[in-house]
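Before any comments, here is the structure.
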Amino acid sequence: VIVGSALLGPLPQQEQPDVQVQSVAPPCFVRLWMDGEFVGETSVFGRGYTSRPVWNERFLLIPRASRCTRFEVVEATECPTVRCHCALGTESLWRTATCGVPLSMDVPLLHYGEEAVGSLRIHARIWDGLPLQDTPWWPTMTDVPSMSQFVAQPVAQQPPQVNLSSPVASAAQVFSSRFVAPTIPPPTWTQSLPA
62 VIVGSALLGP LPQQEQPDVQ VQSVAPPCFV RLWMDGEFVG ETSVFGRGYT
112 SRPVWNERFL LIPRASRCTR FEVVEATECP TVRCHCALGT ESLWRTATCG
162 VPLSMDVPLL HYGEEAVGSL RIHARIWDGL PLQDTPWWPT MTDVPSMSQF
212 VAQPVAQQPP QVNLSSPVAS AAQVFSSRFV APTIPPPTWT QSLPA
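Residues in the sequence shown are numbered from 62 upward in steps of one, following the numbering used here.
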């Protein structure tokens, strides 16, 4: 699993009408848990406030009957605080990765489990046992979504339409059977698959 990047919107208490927030979070890192057991964390990104941290750090995960994989975006301040989080069904993630196609998805980040305040880009595939590649195998982003999508608005829940023929699917499409979350439109991606 690769923790790629995040797009962080303002938290509900940070929202101010008619004010464009460009940098909303202090330096932060991602903490990874499987069934409540600590797995690891990324390095801290940034020295100042940002809304688009990038880590691109890899974790070798062994599911071992794990049910839930949780990612927490933690603010690296004097007293580290969990800003937002997302959780995926480990078995669903594992089954999707074993299909042989590298998976890239934007998972909605929730604040206190209620409001979508951003998205976390995660890439997954089965490890082939070879050393790490010099160039990344995951897709590169060509269009970053705007911050306006994270302004609190009523969300009409509709059943997602799943298109699994695409190698890049949103988390709401892939894991809709596990939970219902506000869908955040994925950015435009270009992907080069190995020949």
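C-beta atoms are modelled at their ideal positions from N, C-alpha and C, and glycine is treated no differently.
Please go through the same chain and pick out, in chain order, the residues whose beta-carbon is closer than 8 angstroms to the beta-carbon of residue i, but skip the five residues on each side of it.
{"i": "W188", "result": "L121"}
{"i": "W155", "result": "P124"}
{"i": "N117", "result": "I63, V64, G65, S66, P197"}
Which same chain residues end up closer than 6 angstroms to residue i when comparing Cβ atoms and leaving out the 5 residues on each side of it in sequence?
{"i": "R182", "result": "G65, S66, D167"}
{"i": "G174", "result": "none"}
{"i": "V105", "result": "P88, F90, A137"}
{"i": "R186", "result": "A158, P163"}
{"i": "V85", "result": "L69, P71, S112"}
{"i": "Q75", "result": "none"}
My guess is that residue i and residue j are in contact by the Cβ rule of under 8 angstroms, so how many angstroms apart are they, rounded?
{"i": "P73", "j": "E176", "result": "6 angstroms"}
{"i": "P169", "j": "S153", "result": "At roughly 16 angstroms, the Cβ-Cβ gap does not stay under 8 angstroms, so P169 and S153 are not in contact."}
{"i": "T142", "j": "S127", "result": "25 angstroms between Cβ atoms; not a contact."}
Which residue marks the beginning of the alpha helix (DSSP H) containing residue i, and which one marks its end?
{"i": "W155", "result": "151 to 158"}
Could you spell out the range, first to last residue, of the beta strand (DSSP E) harbouring residue i?
{"i": "A126", "result": "Counting along the chain, A126 falls outside any beta strand (DSSP E), and DSSP gives it neither H nor E."}
{"i": "A185", "result": "176 to 185"}
{"i": "E102", "result": "98 to 102"}
{"i": "F90", "result": "89 to 95"}
{"i": "G65", "result": "63 to 69"}
{"i": "S112", "result": "Taken as a continuous stretch (DSSP letters only), S112 belongs to no beta strand (DSSP E), as it is neither H nor E."}
{"i": "P141", "result": "Careful: P141 lies outside any beta strand (DSSP E) and carries neither H nor E."}
{"i": "L298", "result": "What is shown of the chain runs 62 to 256, which leaves residue 298 out entirely."}
{"i": "V85", "result": "Per DSSP, V85 belongs to no beta strand (DSSP E) and is neither H nor E."}
Would residue i and residue j qualify as a contact pair, given that the criterion is a beta-carbon distance under 8 angstroms?
{"i": "S178", "j": "C140", "result": "A small fix is needed here, since residue 178 is Val in this sequence, not Ser. It is not a contact, given that the beta carbons lie outside the stated cut-off."}
{"i": "D96", "j": "C147", "result": "no"}
{"i": "I63", "j": "R119", "result": "yes"}
When every heavy atom of the ligand FAD is checked, does at least one fall within less than 7 angstroms of the C-beta of residue i?
{"i": "C160", "result": "Absence of the ligand FAD from the depicted structure is noted, as is the absence of any ligand whatsoever, leaving it without description."}
Please go through the same chain and pick out, in chain order, the residues whose beta-carbon is closer than 7 angstroms to the beta-carbon of residue i, but skip the five residues on each side of it.
{"i": "H172", "result": "L72, P73, C145, V178"}
{"i": "G107", "result": "P88, P114"}
Segment contact, 8 angstroms Cβ cut-off, at least three pairs: the segment 85 to 99 with the segment 128 to 141: Segments in contact, yes.
At least 3 beta-carbon pairs within less than 8 angstroms: the segment 103 to 120 vs the segment 65 to 73: The answer is yes - the segment 65 to 73 touches the segment 103 to 120, with three or more Cβ pairs under 8 angstroms.
For the segment 157 to 174 against the segment 96 to 109, do three or more pairs of beta-carbon atoms, one drawn from each stretch, fall closer than 8 angstroms, so that the two count as touching? Too few Cβ pairs lie closer than 8 angstroms, so no.
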